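See below for the structure under consideration.
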Amino acid sequence: MNAERRHVLKALAACAALAPLRAAAQGFAGLGAEAGGFAPVLPSTRLVFPADHGPHPDFRIEWWYVTAVLTGTEGAEAGVQWTLFRISLAPPGEGGSGWQARQLWMAHAGLTTAESHHHHQLYARAGVGQAGVTADPLHAFIDDWQLVETAAPASGAPASALGPLRMAARGGDFAYDLALTTERGVALQGIDGYSVKSERGQASHYYSQPFFEVSGWIAPGGQRRAVTGRAWMDREWSSQPLDADQSGWDWFSLHLPGDEKLMVYRLRHDTGPAYVTGNWIAPDGSSTRLDPGAVEVDALGEAEVAGRRLPVRWRIAIPARGLEIETAPLNPQSWMATDFAYWEGPVRATGTHPARGYLEMTGY
Amino acid sequence: MLSVTSLVKSYPTPQGRLEVLRGADLDVAAGECVALTGESGSGKSTLLHLIAGLDAADDGEITIGGTPLRGLDDRGRARLRREHVGLVFQQFNLIPSLRVGANLAFQARIARRHDPQWEAMLADRLGIAALLDRYPDQISGGQQQRVAIGRALAARPPLILADEPTGNLDEATSEEVVRVIRDLVRESGAACLMVTHSTHLAGMLDRRLHLTGGHIA
Amino acid sequence: MTAPAPPSPVPADAPAGGIRAGGGLWVLLVLLSHWRRSPGQLATLVLGLVVATALWSGVEALNEQARASYDRAARAFQGAGVPALVASEGGDLDQSLFGVLRRAGWPVSPVIEGRVRIAGEPFRLVGFEPLSLPAGSGLSALGGGGADGGGEGEAFTNFVLPAGRTLIAPETMARLGAAEGDRIATTEGRALPPLLRSDQIAPGLIATDIGFAQVLLGREGKVSRFLLGPGEGAPLAEVTDVALRRVAPTGDDDMERLTASFHLNLTAFGFLAFLVGLFIVHSAIGLALEQRLAMFRTLRACGVSALGLTGALLAELMVLAAAAGLAGVAAGWLIAQALLPDVAATLRGLYGAEVSSVLALGPGWWLSGLGISLAGALAAAGAGLLRVHRLPVLESAAPRAWEAVSRRRIAMLGVAAAGLLALAGALAAWAAQLETAFAAMGCLLLGAALALPAVAGRALIVAESLSRGPVMQWFWADTRQQLPALSLALMALLLALGVNIGVGTMVGSFRETFTGWLDGRLAAEVYLRPGSEAERQRMHDWLAARPEVGAVLPSRAEETRIAGWPVELQGFTPHPTYRQNWPMMAILQDGWDRVAAGTAALVSEQLARRTGLAPGDPLTVPTPGGDWRLTVAGVYPDYGNPKGQLRVAVAELERRWPGAALASTAVRADPDAVPALLAALAEGTGMDPANMIDQAALKRESTAIFERTFTVTAALNTLTLGVAAAALLTSLMTLATQRLPQLAPLWALGLTRRRLALIEIARMLALAAMTALAAIPLGIAVAWILVAVVNVAAFGWRLPLHLFPGEWAALAALALAAAFLAALAPVLRLARTPPARLLRIFADER
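Chains as they are written, first to last, in full-length UniProt numbering: chain A, 1 to 364; chain B, 1 to 217; chain C, 1 to 846.
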């Protein structure tokens with residue numbers, strides 16, 4: 001990315017005060033304010049599908065976030081990330097269409113193999129057809145990146161189920177094009193999709209579709225390789241900023257044996273202990289919140305990444321469920337040197353529950 | 001102080017080379033004031049100029065205070081003039097844009113021997129003490145020549161060369177000027193060689209040399 | 001009384017060097033003391049240096065300012081620094097294409113462009129989209145560190161969301177007298193978003209987010225073009241039905257290349273002024289050295305070495321030059337400041353180049369100004385200093401016989417002058433390059449100046465032989481004796497007058513030619529600039545139905561290159577209007593018919609000169625569909641166009657370039673009905689009145705542009721003339737003191753002081769009149785070089801030479817007045833000199 005362009009984009013990054021990605025993005029546009037004219041996140045809200053696959057412009061920040069763990073025909077492992085962020089530049093109000101639309105779209109794509117890590121980012125204004133999301137059919141796009149339903153869901157599938165998806169993105173030195181399929185419905189995170197982010201009550205609406213089967217190709221450095229694997233989609237939106245002393249987070253999504261799924265995150269505080277919680281998702285999509293105290297997440301080993309030290313090996317234990325695993329990255333250098341820089345890449349877990357999944361670490 | 005041996009000098013003219021000096025010898029001791037007389041065109045001024053380093057001899061030796069002039073370049077000769085020779089000309093050659101006082105002190109200053117007390121004494125003796133703030137064109141010819149004499153003496157040179165210093169002055173003033181030069185040279189212990197065509201004025205000095213046919217008689 | 005022992009003779013270790021610092025300073029002070037006694041001379045010297053430096057550095061300031069502006073413009077955001085996609089058929093594109101192209105992988109960024117009027121002045125408005133803006137477009141931040149503090153993210157939000165921001169160059173803001181945050185209204189009554197200063201915006205341009213610009217331009221949902229970033233998406237034909245054309249970015253160095261001649265012109269005039277100044281310096285220094293010869297000898301006799309004396313003189317010169325140089329550079333800044341608006345207007349009008357009208361000059365400029373002053377002083381004094389260095393100490397200290405020496409010099413100057421004039425003639429005859437043309441001019445001027453003393457001396461001898469009576473004979477003889485001392489001042493006057501006449505003649509010739517040319521060129525009553533094909537069609541349909549409209553003559557333009565030179569290809573409608581009015585230099589008998597038939601083209605004078613084409617010659621024009629073989633039907637003057645031009649029948653142009661851009665449409669109509677017609681056209685078709693112009697207004701605009709082209713030249717001219725007059729004045733004042741001894745005998749012989757004074761004035765007037773007379777042929781020669789050599793080399797067109805004797809008379813009168821004034825002061829001094837002083841001077845003269 002050239003320096004001049006980067007400068008403009010930096011301007012946008014500065015909007016978000018360079019705080020941890022997912023977390024800080026929630027604090028975008030009106031730092032320190034409460035919902036500040038945006039729709040509040042309420043525990044009583046019930047998610048409705050397929051409408052909630054689409055955007056929620058009354059909320060400050062929102063994302064469509066897909067990670068996939070893949071295996072090539074010769075057994076080589078890889079990981080892919082596809083993310084589209086919607087950011088409100090100003091609270092909802094009159095007008096705001098066309099060039100004056102208050103939405104800004106930002107997208108990150110990543111492709112990780114054991115040998116290399118590729119990433120790219122895009123920005124786009126809303127209102128002029130360069131980027132946007134529709135709910136039914138799901139069509140999320142920015143430039144020529146897309147996450148789009150290519151057919152209707154199977155008849156009889158749950159209302160939250162999506163039809164087959166095509167997920168494609170490209171950067172300067174990589175590209176991928178994958179088909180994602182599942183007939184299952186989504187899993188609600190937190191309690192009924194109300195996900196608390198701290199003991200002080202900051203929260204988001206959060207659901208996942210962790211059951212995708214994936215096939216397609218990836219092209220790290222130009223060479224196409226056929227891959228298959230599993231994908232996990234996260235949808236989250238919020239208006240409330242995080243606490244000022246929340247410095248970053250470590251987030252895991254793991255495909256456990258027996259088609260069970262585990263999502264765990266650890267929100268770090270400058271003062272006091274981290275806030276650690278998550279959800280255990282059964283193969284039928286039913287989701288159980290793991291209360292703070294029920295999960296232990298500890299850093300095991302650090303690595304030098306992009307000029308800083310990051311914990312890339314972790315231990316996760318959930319005594320109540322008999323889970324005790326250690327995770328290691330496919331590529332410790334999975335650094336997303338985007339305007340908000342963070343670590344995101346595929347990991348493999350060993351222990352009581354051997355698994356593959358994704359780790360995201362922000363605020364380092 | 002001054003020693004001239006076998007000095008030869010000729011000039012090219014349209015009629016051929018004119019031999020002005022053909023082996024002139026002379027000596028002037030410290031504290032001595034010597035008159036140099038001769039016919040018009042006999043080479044008096046030429047001799048003086050050669051001694052002052054203003055011109056170069058064809059042959060022969062000039063030493064001032066034991067230092068031979070031969071072998072000095074323009075800068076060396078300038079230094080010699082500045083520090084060891086005081087020149088007085090027929091034209092008074094004062095610097096018109098400097099006041100009398102500054103003219104008097106000029107050579108001493110550039111020779112870095114500026115001595116206000118000595119200069120004041122000279123002005124006093126030369127009778128120009130009241131004129132120090134005037135410009136040269138505001139004083140008479142006799143007064144201007146006194147300033148020129150003062151300028152030559154102010155740097156305390158061991159040798160004073162005067163070329164017809166009274167040529168532009170009337171008789172009474174001439175006598176007075178020559179007397180002043182003689183007295184001041186004696187007092188300062190310097191040597192003095194004065195070119196004059198006047199036998200009367202020459203008679204006022206310690207010794208008289210006559211230049212004729214390119215030789216000193 | 002015992003005196004201290006005399007110091008020992010030269011010590012063996014005496015340094016070979018001359019006087020040490022203290023002594024050297026003394027010598028310098030003695031040298032400087034001369035100026036206190038001759039303030040007039042000092043004034044002349046300083047004035048000469050100040051003027052030379054001021055004019056030179058003033059012109060350099062203008063050039064540097066322009067260069068800096070071009071550089072910045074090349075780097076600054078113009079919306080044109082990268083390739084772009086435009087509608088093949090011209091006109092706006094629909095905004096919906098943006099998303100379509102982006103989603104197909106095309107890294108495009110939409111731009112809308114147009115003109116808005118603010119306080120009646122047109123400004124280019126560019127609306128862009130900051131997020132997609134490609135690299136190399138020249139914009140890297142949305143604020144210049146101006147009022148929008150805080151986060152840069154905030155700057156983005158402020159820029160795109162209401163009320164938005166208007167990015168504007170500081171110079172433009174200053175020109176509008178506006179401040180950051182102001183909301184300026186356009187002449188159409190729409191308010192711009194609040195102003196935000198940005199150093200990255202080219203002067204004369206204003207930029208907003210595309211959304212605001214669309215509204216301001218009344219083109220909602222429209223895009224002028226899509227800037228292209230690196231990379232390509234899917235084939236365009238698969239992406240959209242809209243025909244798109246890729247256009248290359250505007251070359252960065254174009255402006256510099258186009259304006260090079262203009263700047264060379266300025267530089268040449270600056271240099272000329274510098275030379276006139278140096279003449280004065282040379283004369284003042286020469287006089288000062290001459291007058292101090294006796295002093296130099298005394299100094300040498302007192303023991304200052306030749307090197308020490310020359311060094312001190314050099315130091316003196318440098319001190320004076322540095323002081324005068326500083327003043328000169330400051331004065332140059334003022335001159336540049338005063339001329340800049342006209343220069344900027346000329347460059348804008350003639351070349352479309354935006355030059356910032358706020359003077360911003362770096363330390364380099366100041367230093368170079370100082371340097372040129374020092375170098376100039378050195379050049380002017382070099383010969384004199386060398387002479388002092390070689391000065392024999394013994395030569396009679398009496399002032400040199402001025403005249404004898406100078407006579408020899410005048411003779412030498414005469415020979416040099418003849419050589420220079422011959423060289424000037426040869427250079428002018430073969431000059432193809434602007435540099436050669438100016439060299440010819442330089443030789444001519446220098447030669448003429450050097451010839452002046454000899455010529456004037458001859459004239460005075462003739463006058464003397466013709467005059468009767470002793471006083472008259474003495475008058476001429478004495479005037480001749482004065483000549484050498486005054487000659488440098490007279491040379492300066494001659495140069496100033498000659499250049500003045502020359503430039504005046506050129507400007508006058510141009511005006512005379514240009515007016516007639518415009519009349520023929522702008523024969524149609526109305527010119528319209530349709531914005532799109534649709535508008536053109538609408539306009540044509542509407543006009544066709546109007547009874548007062550005689551003919552509608554559309555045109556199209558295309559760019560091509562012939563012999564590597566950018567050439568405008570103009571397609572015009574063959575119509576009697578052109579045949580009857582279009583000014584031609586030469587045309588084949590059936591030329592117009594052959595052009596109409598598409599077998600021939602008209603070429604502009606610039607193109608013809610450049611390529612050596614003449615009527616009847618074959619000409620091949622490259623077209624997208626292969627070469628187009630044409631015959632040159634005729635050559636027409638195209639004054640002021642920096643590019644070459646080729647005119648062909650519009651139908652033929654359309655056939656070969658289907659995408660050729662729309663150019664203006666000429667409309668023949670009843671002149672009285674024009675205002676009503678235009679009003680009705682605007683109402684009937686919705687066409688922007690800014691795109692309609694009637695003949696009278698167009699002529700007015702064109703003439704104004706061309707008048708301004710010469711404003712700077714004329715101003716420099718006037719300054720030079722003033723300088724010459726000042727030089728004359730100071731020279732005379734310096735000489736006044738020397739004159740008294742020469743006049744005293746006459747007074748003693750019985751001429752009254754009053755009569756002597758009158759004679760002195762008459763003498764000056766005679767000399768000035770002779771100089772003015774000599775300046776007329778010189779001026780004509782200068783004018784000829786300008787119109788026939790310089791213009792051709794610089795701009796590619798030649799002007800017919802017109803003569804303006806009235807102007808010569810006025811200039812001669814001016815010269816006489818200057819001479820009269822210059823002579824007045826010394827003469828008054830003479831008249832007031834008491835007889836006793838005259839007597840004393842007489843007596844002192846021996």
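No residue lacks a Cβ here, since even glycine has one placed at the ideal position from N, Cα and C. All of these numbers come straight from a predicted model, not from anything done at the bench.
Reduced DSSP secondary structure (H/G/I, E/B, other) of residue i
{"i": "Asp27/B", "result": "strand"}
{"i": "Val358/C", "result": "coil"}
{"i": "Val50/C", "result": "helix"}
{"i": "Ser368/C", "result": "helix"}
{"i": "Ala21/C", "result": "With a pLDDT of 46 at Ala21/C, under the threshold of 50, the modelled position of that residue is not reliable, and no figure is offered here."}
{"i": "Ala317/A", "result": "strand"}
{"i": "Ile461/C", "result": "helix"}
{"i": "His205/A", "result": "strand"}
{"i": "Gln473/C", "result": "helix"}
{"i": "Ser373/C", "result": "helix"}
{"i": "Ile210/C", "result": "helix"}
{"i": "Asn279/A", "result": "strand"}
{"i": "Gln645/C", "result": "strand"}
Cβ-Cβ distance between residue i and residue j below 9 Å
{"i": "Arg82/B", "j": "Val304/C", "result": "yes"}
{"i": "Ala437/C", "j": "Ala428/C", "result": "yes"}
{"i": "Ser6/B", "j": "Gly60/B", "result": "yes"}
{"i": "Leu314/C", "j": "Leu299/C", "result": "no"}
{"i": "Ala411/C", "j": "Leu317/C", "result": "no"}
{"i": "Ala179/A", "j": "Val214/A", "result": "yes"}
Contacting residues, own chain, Cβ-Cβ under 7 Å from residue i (five flanking each side not counted)
{"i": "Met585/C", "result": "Glu605, Val635, Tyr636 and Pro637"}
{"i": "Pro622/C", "result": "Thr560"}
{"i": "Trp517/C", "result": "Pro583, Pro637 and Tyr639"}
Cut-off 8 Å between Cβ atoms - residues of its own chain near residue i, not counting five sequence neighbours on either side
{"i": "Val549/C", "result": "Leu543, Val667, Arg668, Ala669 and Leu677"}
Among the options, nearest to residue i - alpha-carbon criterion
{"i": "Trp280/A", "options": "Lys261/A, Thr45/A, Asp270/A and Phe340/A", "result": "Lys261/A"}
{"i": "Val41/A", "options": "Gln240/A, His255/A and Ala299/A", "result": "Gln240/A"}
{"i": "residue 872/C", "options": "Trp517/C, Glu464/C, Asn791/C and Leu101/C", "result": "Nothing can be reported for residue 872/C, as the shown portion of chain C is limited to 1 through 846."}
{"i": "Val66/A", "options": "Thr352/A, Glu94/A, His108/A and Val48/A", "result": "His108/A"}
{"i": "Glu807/C", "options": "Glu188/C, Ile587/C and Met506/C", "result": "Met506/C"}
{"i": "Phe271/C", "options": "Val59/C, Leu32/C and Gly531/C", "result": "Val59/C"}
{"i": "Leu122/B", "options": "Gly76/B, Ala172/B and Asp183/B", "result": "Asp183/B"}
{"i": "Val723/C", "options": "Ala769/C, Gln481/C and Val276/C", "result": "Val276/C"}
Contacting residues, own chain, Cβ-Cβ under 6 Å from residue i (five flanking each side not counted)
{"i": "Gln130/A", "result": "Ala124"}
Residue i burial status per 10 Å Cβ neighbour count (16 or more: buried)
{"i": "Pro346/A", "result": "buried"}
{"i": "Tyr11/B", "result": "exposed"}
{"i": "Pro379/C", "result": "What sits at residue 379/C in the sequence shown is Ala, not Pro. Exposed, because fewer than 16 other Cβ atoms sit within 10 Å of the Cβ of Ala379/C."}
{"i": "Ile461/C", "result": "exposed"}
{"i": "Ser132/C", "result": "buried"}
{"i": "Glu164/B", "result": "buried"}
{"i": "Gly322/A", "result": "exposed"}
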